[in-house]
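Novice:
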Amino acid sequence: MLTIALSKGRILDQTLPLLKCAGIDIAKKELNSRKLILNTNIDDVKVIIIRATDVPVFVQHGAADIGIAGKDVLLEHGAAGLFELLDLKISQCKLMVAAESKDNLKQQTLKIATKYVNCTKQYFEKRGQQIEIIKLYGSMELAPKVGLAHCIVDLVDTGNTLKANGLMPLENITDISSRLVVNIASFRTKNAQIKKWVSNIESQI
Ligand code: AMP
């Protein structure tokens with residue numbers, strides 16, 4: 195049995211057609227059910243659809259053999275127990291620093307609202323900027339408006355969310371896209387099966 199963990203939300207809309215083209219199809223009935231482990235058209239392939247941040251955790255511990263998650267989530271998690279095999283080139287966006295203006299970044303201690311604590315620390319540490327991180331789980335764009343932070347670090351796609359909230363994209367920390375990861379032990383024990391599906395998926399990117 196091969197278990198594939200998929201991220202809920204906007205990545206899923208682009209992941210399902212990719213998997214379908216690669217030969218793994220999940221019936222609408224399965225997707226609309228409340229089941230947590232979904233059958234596919236392939237007898238020995240099951241799919242679980244979970245929160246994006248949980249995908250690397252499931253794969254790291256071998257609860258899923260393969261996972262599909264954003265590079266943002268993988269960078270925050272770290273690479274422990276995982277091989278990143280493919281850049282799927284879907285759900286592309288940028289992890290950016292944004293503020294009301296460039297001047298807002300000129301602080302002795304820069305207060306940053308983000309859910310990307312590790313990426314943010316690494317980015318600002320490299321240039322020796324002192325920071326204070328305010329960890330939020332959503333609506334980061336609100337933080338500068340209400341004086342909670344000088345700037346935010348968040349994903350930017352069209353830039354419309356920033357614009358609608360009076361913020362400017364200022365610095366690109368890194369380009370993001372969805373990646374396919376595998377559990378290191380599974381890669382050894384289920385090598386032929388994993389390689390077959392990875393190659394099918396790769397041919398459809
Ligand atoms: P946008 O207004 O198109 O720049 O999108 C920004 C909003 O969508 C922010 O709240 C982001 O956190 C979220 N977002 C953008 N791209 C992605 C992505 N690839 N995966 C998850 N969330 C995203």
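Take 195 as the starting number for the sequence shown in our numbering and just add one per residue.
From the three backbone atoms N, C-alpha and C, an ideal C-beta is built for every residue, glycine too.
(1) Do you know offhand how far His344's Cα is from Asp219's?
(2) Smallest Cα separation from Val340: which of Ala379, Gly272, Lys384 and Glu294?
(3) Can the beta-carbon of Leu356 be found less than 8 angstroms from the beta-carbon of Val347?
(4) For Lys288, list the residues DSSP reports as bridge partners.
(5) Secondary structure at Ala246, three-state DSSP: helix, strand or coil?
(6) Does the region 255–271 come into contact with the region 196–210, if we say contact requires no fewer than three beta-carbon pairs (one atom in each stretch) closer than 8 angstroms?
(7) Considering only heavy atoms of the ligand AMP, does any lie closer than 7 angstroms to the CB of Thr197?
(8) Which word fits Arg228, buried or exposed, when buried means at least 16 other C-beta atoms lie within 10 angstroms of its C-beta?
(9) For a test of the three-state rule: what should DSSP assign to Ile388, helix, strand or coil?
(10) Could you please give the first and the last residue of the uninterrupted beta strand (DSSP E) stretch that includes Lys305?
(11) Is the Cβ-Cβ distance between Gln324 and Thr303 less than 8 angstroms?
(12) Is Ala307 closer than 8 angstroms to Ile328 when the C-beta atoms are compared?
(13) Any idea which residues DSSP pairs Asn233 with across the strands?
(14) Check whether the Cβ of Leu330 lies closer than 7 angstroms to any heavy atom of the ligand AMP, and answer yes or no.
(15) In the DSSP assignment, the alpha helix (DSSP H) including Ser380 goes from what residue to what residue?
(16) Take Met362 as the anchor and find which of Met290, Glu224 and Gly217 has the nearest alpha-carbon.
(17) Cβ of Gly261 versus every heavy atom of the ligand AMP: is any distance shorter than 7 angstroms?
(18) Specify, as a first and last residue, the run of the beta strand (DSSP E) that Lys339 falls within.
(19) Quick check on Lys329: does DSSP put it in helix, strand or coil?
(20) Can you tell which of Thr197, Cys215 and Glu278 has the C-alpha that lies nearest to the C-alpha of Gln398?
Specialist: Taking the geometry as given:
(1) Here residue 344 refers to the residue found at position 150 of the sequence shown. Here residue 219 refers to the residue found at position 25 of the sequence shown. Each residue's Cα considered, the two are about 45 angstroms apart.
(2) On the sequence shown, residue 340 is found 146 positions in, with the first residue counted as 1. Comparing Cα-Cα distances from Val340 to each of Ala379, Gly272, Lys384 and Glu294, the minimum goes to Glu294.
(3) Residue 356 sits at position 162 when you count from the first residue of the sequence shown. Residue 347 sits at position 153 when you count from the first residue of the sequence shown. No, the pair does not count as a contact, with Cβ atoms beyond the cut-off.
(4) On the sequence shown, residue 288 is found 94 positions in, with the first residue counted as 1. Paired residues: Val350 and Asp369.
(5) As a first step, residue 246 must be located in the sequence shown, where it is residue number 52. Here Ala246 sits in helix by DSSP.
(6) yes
(7) Taking the sequence shown and counting its residues from 1, the one referred to as residue 197 is at position 3. No, Cβ of Thr197 sits at least 7 angstroms from all heavy atoms of the ligand AMP.
(8) Here the question's residue 228 lines up with position 34 in the sequence shown. Per the 10 Å Cβ criterion, exposed.
(9) If you number the sequence shown from 1, residue 388 lands on position 194. Of the three classes helix, strand and coil, the one that applies to Ile388 here is helix, per DSSP.
(10) Numbered from 1 along the sequence shown, position 111 holds the residue referred to as residue 305. Segment Thr303 to Thr308, the beta strand (DSSP E) holding Lys305.
(11) As a position in the sequence shown, residue 324 is number 130, starting the count at 1. As a position in the sequence shown, residue 303 is number 109, starting the count at 1. Cβ atoms of Gln324 and Thr303: closer than 8 angstroms.
(12) Within the sequence shown, the letter at position 134 stands for residue 328. Within the sequence shown, the letter at position 113 stands for residue 307. A contact, by the Cβ cut-off of 8 angstroms.
(13) Here the question's residue 233 lines up with position 39 in the sequence shown. BP columns for Asn233 point to Lys240.
(14) In the sequence shown, counting from the first residue as 1, residue 330 sits at position 136. No.
(15) In the sequence shown, the residue the question calls residue 380 occupies position 186. Ile378 to Thr383 is the span of the alpha helix (DSSP H), which, as asked, contains Ser380.
(16) What you label residue 362 is simply residue 168 of the sequence shown in a count that begins at 1. Per the Cα distances, Met290.
(17) As a first step, residue 261 must be located in the sequence shown, where it is residue number 67. Outside the cutoff, so no.
(18) Position 145 of the sequence shown, counted from the start, is the residue given in the question as residue 339. Looking at the DSSP string, Lys339 is not in any beta strand (DSSP E); the run it does join, the alpha helix (DSSP H), is Leu336 to Lys339.
(19) For this step, residue 329 is matched to residue 135 along the sequence shown. Note: Lys329 maps to strand in three-state DSSP.
(20) Within the sequence shown, numbered from 1, the residue matching residue 398 stands at position 204. Relative to the Cα of Gln398, the nearest Cα in the group Thr197, Cys215 and Glu278 belongs to Cys215.
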